[in-house]
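2 protein chains.
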Amino acid sequence: MNNHKKAGRDDQMSKNACAWQPQLETAEQVRDKSFATGELPLEKGRYTLVWGAFCPWATPVAILLDLLHLDQVIGKSPVYALRHTGVDNDWFFGEKDSELDPLLQINRLSKSYQKTESAFTGRASVPALVDLKTGKVVNHSSAQLLSELSRQWKKFIPKDAPELFPVRLETQILQTNQQIITNLAQVSSQIEESATQEEYERLVDQYFDQLAVFEKQLEAQPYLLGRQLTLSDLLLFVQLVRFDVVYYYKNKLNKQPLSALPNLWHYARRLYHLQAFKQNTDFLAIKQHFYQGTQVVAGFSNVLPVGPDVSAWESR
Amino acid sequence: MNNHKKAGRDDQMSKNACAWQPQLETAEQVRDKSFATGELPLEKGRYTLVWGAFCPWATPVAILLDLLHLDQVIGKSPVYALRHTGVDNDWFFGEKDSELDPLLQINRLSKSYQKTESAFTGRASVPALVDLKTGKVVNHSSAQLLSELSRQWKKFIPKDAPELFPVRLETQILQTNQQIITNLAQVSSQIEESATQEEYERLVDQYFDQLAVFEKQLEAQPYLLGRQLTLSDLLLFVQLVRFDVVYYYKNKLNKQPLSALPNLWHYARRLYHLQAFKQNTDFLAIKQHFYQGTQVVAGFSNVLPVGPDVSAWESR
């Protein structure tokens, strides 16, 4: 997954400690360990995934656990969608400081990072796979978790579960993931930094051109890469779920609503109606995270838009 | 029209020098004169209406002129939709400082105000009816212009033109106008000043509750007050035209898009397809005005959203 090393590091979501790849600062302090190398044992009940429903990089991992029934062997520890007042580099496990994650028995994610590296000073990012035996973060790379959980945990995955990262599609999946990261996810972050009308419009074109490519791809096949659900679909789904609710609005990516791209809109809803996708999709958490940095709502720029109406997601 | 005296004075559009009623400051310096009292002569070719397609108070007057064929006897002098760099209290007649209005032969509106009152220091607001003989602003109240042009200029209005302000509907029209002003126009301004989630949501409810009332009214009748087009329709139309393009987005009034209110959406498009409405509707001018204070586009907060797609207005 070397071609992902750079992607996502410098985007806003990374600053927000929700990352595709760990930030350099934390990556140096907390080195990701691997199942593929045998460095991490494959053990039922040994790990929990710390994730947040707001995070487009942690959510695909949470979806993957449910899709592959790995939620039966790996725990899930969701963090609260908003920062706590005055704390901008950590995630808490509840709305109140005192609430503990039932598996980890800690109130904030940084404690797991500090168990791994006592001098930890980075931003505690999600996703983070934590070893329940030691309380340490053993991997905090969305890219690597998606790949390794798909391939290394096969003995715990039922035969009828989808194969999300088949070797024969690996190149295509990695290329498609990169398109999603570069032309959708990163653009939605970069656009808010655009200083001129021209730069803004160039980024809008980049974004909608990519949507048009995917719209075309989905004309004749049910999934991005054909007849098979893959990791790329997980990554695209979390982008589409955020589109009308956040990007269309907050990032002025409002050339068209998602419903104007019928193949993408039907595809997104089709995935949404799969249990693994729906139960890891929380529109309120997504809105809170992107519109409100902290729990303190001060002024119009932070108030949570009442819309758009997301009820259409419920119709098939 | 006494019940309109207060309305609109303290809203943001007034600050922007686009007003339903003149600001107190300019009203004291430039007293509005009346056709009803005979103070102003009814004379073909004597006046021009200074207006801007961006302004929801000047635009209904421009629509009225065309609807009643008064455009044959009163001129129209449109101002440029954007402020000129460094000038925030005046409107220019072109994109360049040097461009003159062909009727008035001036480059900026304040010159007409200064002819009326040489010590004029207020904000030059639109609409402004200017006497071409003297170059002076003789009336700059949208409320009064709509009323007086409907009623006092009858001898120039063809018999088959609509009666926009019939005496038998006067109370209803004034009440409805007040609803539009208080619950739609002012809310869209006030909402950006809301300091809390609760205040914001209260204003959203106020706005959408009013839309729901109008949606219901239009269920069984073609116009707001029945079978007859009135001034209230002109005022509501300019609000609806701005809804998806500005308010839905910039003012977080995004509970539903206009198309989710089918009666209002069909009504708005039906009016739009009348020549008098369409030729005074300029989506680009509206967007420029509300997103860009001046011609200098600096940073994301000022870039003009590429969307939403307004092509649906063209379909009947």
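In order, the protein sequence lines correspond to chains A and B.
If you read the first sequence in the UniProt record's numbering, its first letter stands for residue 1, the second for the next number, and so on.
If you read the second sequence in the UniProt record's numbering, its first letter stands for residue 1, the second for the next number, and so on.
Ideal placement from N, C-alpha and C gives every residue a C-beta, glycine not left out.
Original post:
Is the number of C-beta pairs between the segment 268 to 284 of chain A and the segment 173 to 181 of chain B that are closer than 8 Å three or more?
Top reply: Segments in contact, no.
Original post:
Can you name the start and end residues of the beta strand (DSSP E) that residue 129 of chain A belongs to?
Top reply: Taking the first residue of the first sequence as position 1, residue 129 of chain A is located at position 129. Run containing residue 129 of chain A: 128 to 131, per the beta strand (DSSP E) assignment.
Original post:
residue 263 of chain A touches chain B at which residues, Cβ-Cβ below 9 Å?
Top reply: Here residue 263 of chain A is taken as the residue at index 263 of the first sequence, counted from 1. Counting only Cβ-Cβ distances below 9 Å, residue 263 of chain A has no contacts in chain B at all, with the closest Cβ about 17 Å away.
Original post:
Over what stretch of residues does the alpha helix (DSSP H) that includes residue 116 of chain A continue unbroken?
Top reply: Position 116 of the first sequence, counted from the first residue, corresponds to residue 116 of chain A. Residue range 110 to 116 is occupied by the alpha helix (DSSP H) that includes residue 116 of chain A.
Original post:
Closer than 9 Å, CB to CB, is residue 39 of chain B near chain A or not?
Top reply: Reading the second sequence from its first residue, position 39 is the one you call residue 39 of chain B. It does not: the Cβ of residue 39 of chain B has no partner Cβ on chain A nearer than 9 Å.
**OP:** Within its chain, find whatever has a CB closer than 7 Å to the CB of residue 239 of chain B; leave out the 5 residues flanking it on each side and keep chain order.
**Re:** Numbered from 1 along the second sequence, position 239 holds the residue referred to as residue 239 of chain B. Result list for residue 239 of chain B: 56, 180, 184 and 185, in chain order.
Subject >> Which listed residue (A:207, A:68 and A:234) has its alpha carbon closest to that of residue 160 of chain A >> reply: Within the first sequence, residue 160 of chain A is the residue found at index 160, counting from 1. The candidate whose alpha carbon is nearest that of residue 160 of chain A is A:68.
Original post:
Are there 16 or more other CB atoms within 10 angstroms of the CB of residue 64 of chain B, so buried, or fewer, so exposed?
Top reply: Here residue 64 of chain B refers to the residue found at position 64 of the second sequence. With 16 or more other Cβ atoms within 10 Å, it is buried.
Original post:
When the cut-off is 9 Å and only beta carbons count, does residue 188 of chain B lie next to chain A?
Top reply: Here residue 188 of chain B refers to the residue found at position 188 of the second sequence. No, no contact with chain A.
Original post:
Out of curiosity, what's the CA-to-CA distance linking residue 51 of chain A and residue 207 of chain B?
Top reply: Within the first sequence, numbered from 1, the residue matching residue 51 of chain A stands at position 51. Within the second sequence, numbered from 1, the residue matching residue 207 of chain B stands at position 207. Cα to Cα, the separation comes out at about 37 Å.
Original post:
Is there contact here, the segment 115 to 123 of chain B with the segment 28 to 45 of chain B, by at least three beta-carbon pairs under 8 Å?
Top reply: With a cut-off of 8 Å, the segment 28 to 45 of chain B and the segment 115 to 123 of chain B count as touching, because enough Cβ pairs lie within range.
Original post:
What are the boundary residues of the beta strand (DSSP E) that residue 76 of chain B is part of?
Top reply: Here residue 76 of chain B is taken as the residue at index 76 of the second sequence, counted from 1. 75 to 78 is the extent of the beta strand (DSSP E) around residue 76 of chain B.
Subject >> Under 9 Å between C-beta atoms of residue 307 of chain A and residue 248 of chain B >> reply: Here the question's residue 307 of chain A lines up with position 307 in the first sequence. Here the question's residue 248 of chain B lines up with position 248 in the second sequence. Their beta carbons are under 9 Å apart, which means residue 307 of chain A touches residue 248 of chain B by this criterion.
Subject >> When B:202, B:62, B:303 and B:135 are compared against residue 116 of chain B, the one with the closest alpha-carbon >> reply: Along the second sequence, one-based indexing puts residue 116 of chain B at 116. Taking the Cα of residue 116 of chain B as reference, the smallest distance to any Cα among B:202, B:62, B:303 and B:135 is reached at B:135.
Original post:
Across which residues does DSSP place residue 50 of chain B in a beta bridge pair?
Top reply: Here residue 50 of chain B is taken as the residue at index 50 of the second sequence, counted from 1. Under DSSP, residue 50 of chain B takes part in a beta bridge, and its partners are B:77 and B:128.
Original post:
What is the rounded straight-line gap between the Cα of residue 166 of chain A and the Cα of residue 138 of chain A?
Top reply: Along the first sequence, read from residue 1 onward, the residue named residue 166 of chain A stands at position 166. Along the first sequence, read from residue 1 onward, the residue named residue 138 of chain A stands at position 138. Roughly 24 Å between the two C-alpha positions.
**OP:** Compute the Euclidean distance between the alpha carbons of residue 227 of chain A and residue 315 of chain A, then round it to the nearest angstrom.
**Re:** Locating residue 227 of chain A in the first sequence gives position 227, where the first residue counts as 1. Locating residue 315 of chain A in the first sequence gives position 315, where the first residue counts as 1. Near 23 Å, if we compare the C-alpha coordinates of residue 315 of chain A and residue 227 of chain A.
**OP:** Taking residue 254 of chain B as the query, report the chain A residues whose CB atoms sit under 8 Å from its CB, ordered along the chain.
**Re:** The residue given as residue 254 of chain B occupies position 254 in the second sequence. Within 8 Å Cβ-Cβ: 249, 305, 306, 307 and 308.
Subject >> Spatial distance of residue 262 of chain A from residue 32 of chain B (CA atoms) >> reply: Here residue 262 of chain A refers to the residue found at position 262 of the first sequence. Here residue 32 of chain B refers to the residue found at position 32 of the second sequence. About 54 Å.
Original post:
For residue 137 of chain A, which beta-bridge partners are listed by DSSP?
Top reply: Counting from 1 along the first sequence, the entry for residue 137 of chain A is found at position 137. According to DSSP, which records beta bridges pairwise, residue 137 of chain A is partnered with A:130.
Subject >> Of the listed residues B:299, B:66 and B:96, nearest to residue 201 of chain A (C-alpha basis) >> reply: Here residue 201 of chain A refers to the residue found at position 201 of the first sequence. Selected option, being the one with the closest Cα: B:299.
**OP:** Rank A:22, A:36 and A:75 by C-alpha distance to the C-alpha of residue 46 of chain A and give the top, closest one.
**Re:** As a first step, residue 46 of chain A is located in the first sequence; it is residue number 46 there, counting from the start. Here the closest residue by C-alpha is A:75.
**OP:** Return the Cβ separation of residue 104 of chain B and residue 171 of chain B in integer angstroms, given the expectation that the two are a contact with Cβ distance under 8 Å.
**Re:** Looking up residue 104 of chain B in the second sequence gives position 104. Looking up residue 171 of chain B in the second sequence gives position 171. Not a contact, Cβ separation roughly 37 Å.
Subject >> Interfacial residues, the segment 71 to 98 of chain B to chain A, with Cβ spacing under 7 Å >> reply: Under the 7 Å Cβ criterion, the segment 71 to 98 of chain B contributes no residue.
Original post:
Is residue 255 of chain A closer than 9 Å to residue 309 of chain B when the C-beta atoms are compared?
Top reply: Within the second sequence, the letter at position 309 stands for residue 309 of chain B. Within the first sequence, the letter at position 255 stands for residue 255 of chain A. In contact: residue 309 of chain B and residue 255 of chain A (Cβ atoms closer than 9 Å).
Subject >> For residue 92 of chain A, the three-state DSSP class (helix, strand or coil) >> reply: Working through the first sequence from its first residue, we reach residue 92 of chain A at position 92. The answer is strand: DSSP assigns residue 92 of chain A an E or B state.
Subject >> Where residue 102 of chain B falls, given that 16 or more other Cβ within 10 Å makes a residue buried >> reply: Walking along the second sequence from the start, residue 102 of chain B turns up at place 102. Taking a 10 Å sphere around the C-beta of residue 102 of chain B, we find fewer than 16 other C-beta atoms and assign the residue as exposed.
Subject >> Given residue 129 of chain B as reference, the closest of B:78, B:99, B:163 and B:169 once Cα atoms are compared >> reply: The residue you call residue 129 of chain B lines up with position 129 of the second sequence. Closest by alpha carbon: B:78.
Subject >> Those residues which DSSP pairs with residue 18 of chain B across a bridge >> reply: The residue labelled residue 18 of chain B in the question sits at position 18 within the second sequence. Note: residue 18 of chain B sits in a beta bridge opposite B:126.
Subject >> Simplified DSSP state of residue 304 of chain A, which is helix, strand or coil >> reply: As a first step, residue 304 of chain A must be located in the first sequence, where it is residue number 304. Three-state DSSP puts residue 304 of chain A in coil, outside helix and strand.
Subject >> CA-to-CA distance, residue 60 of chain B to residue 112 of chain B, given in whole angstroms >> reply: Here residue 112 of chain B is taken as the residue at index 112 of the second sequence, counted from 1. Here residue 60 of chain B is taken as the residue at index 60 of the second sequence, counted from 1. Rounded to the nearest whole angstrom, the C-alpha separation of residue 112 of chain B and residue 60 of chain B is 21 Å.
**OP:** Following the continuous alpha helix (DSSP H) through residue 66 of chain B, name the residue where it begins and the one where it ends.
**Re:** As a working mapping, residue 66 of chain B is identified with position 66 in the second sequence. Where residue 66 of chain B is concerned, the enclosing alpha helix (DSSP H) stretches over 58 to 67.
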